[in-house]
Amino acid sequence: MQMIAEDLIDMVNQRLVLLGGRAVQSGKLIFPFPKGAEAARYDKVALKSEGTLWAFTVQRFPPKNPPFIGENEPSNFKPYAVGYVELEGELIVESRLAVEDFEDLKIGQMMRLTAVPFATDANGASIFTYAFEPV
71 MQMIAEDLID MVNQRLVLLG GRAVQSGKLI FPFPKGAEAA RYDKVALKSE GTLWAFTVQR
131 FPPKNPPFIG ENEPSNFKPY AVGYVELEGE LIVESRLAVE DFEDLKIGQM MRLTAVPFAT
191 DANGASIFTY AFEPV
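Residue 183 in the working numbering sits at position 113 of the sequence shown; the count goes up by one each step and never skips.
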């Protein structure tokens, strides 16, 4: 599976997990795992795959700036939900929400990590991003 960026998700025990970083000095968790010289200050950790929907909204118009590419071009745009999912005891993650009907979303509901198509590369292959879906 081709992801929009490296080091976002991985498979652990046949389950998708987000890859975060734990600060070597303070133990503070962050997501996503940092790139470049900053990465040396963090240990890579697998974050929880399930959490609670903390807040959400619906993106009803095409974003104007990159990295919103591919299917987000104005001619192909479909509204999508985006929200914050609290991974208990870890952190709150901003994410796309994989639902067909936005009415299915409720603050406080359990959500599970998944991967969804985000764009198509020059060869027509899907590029994926992480998302959360209702459990």
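Just so you know, even glycine gets a beta-carbon here, dropped at the ideal spot from N, CA and C.
Identity of the residue in the options nearest residue i by Cα
i: residue 182; options: 202, 75, 158; result: 202
i: residue 97; options: 170, 160, 123; result: 160
i: residue 173; options: 119, 102, 126; result: 126
i: residue 176; options: 113, 192, 122; result: 122
i: residue 170; options: 186, 158, 180; result: 186
i: residue 147; options: 189, 79, 196, 168; result: 189
i: residue 111; options: 99, 87, 158; result: 99
Contact set for residue i: own chain, Cβ-Cβ below 6 Å, skip 5 residues either direction
i: residue 73; result: 198
i: residue 194; result: none
i: residue 71; result: 198
Buried or exposed (CB count within 10 angstroms, at least 16 for buried), residue i
i: residue 178; result: exposed
i: residue 165; result: buried
i: residue 128; result: exposed
i: residue 106; result: exposed
i: residue 210; result: In the structure as shown, the chain starts at 71 and stops at 205, and residue 210 therefore has no counterpart that could be examined.
i: residue 75; result: exposed
i: residue 151; result: buried
Beta-bridge partners of residue i, as assigned by DSSP
i: residue 71; result: Residue 71 is not bridged to any residue.
i: residue 90; result: 115
Close Cβ partners of residue i (< 7 Å) along its chain, the five nearest in sequence each way excluded
i: residue 142; result: With a pLDDT of 49 at residue 142, under the threshold of 50, the predicted position of this residue should be treated as unreliable, though the coordinate-derived value follows. Within the same chain, residue 142 has close Cβ partners 132, 133.
i: residue 149; result: 128, 129, 130
Cβ-based neighbour list, residue i, same chain, cut-off 8 Å, excluding 5 preceding and 5 following
i: residue 124; result: 153, 154, 155, 156, 162, 177
i: residue 82; result: 116
May I have a chain-ordered list of the beta strand (DSSP E) segments no shorter than 3 residues that lie completely inside the stretch 94-121?
112-116
Jot down the residue ranges of each uninterrupted beta strand (DSSP E) in the stretch 149-186, minimum 3 residues, whole runs only, in chain order.
Segments of the beta strand (DSSP E) lying fully in the stretch 149-186: 150-157, 161-167.
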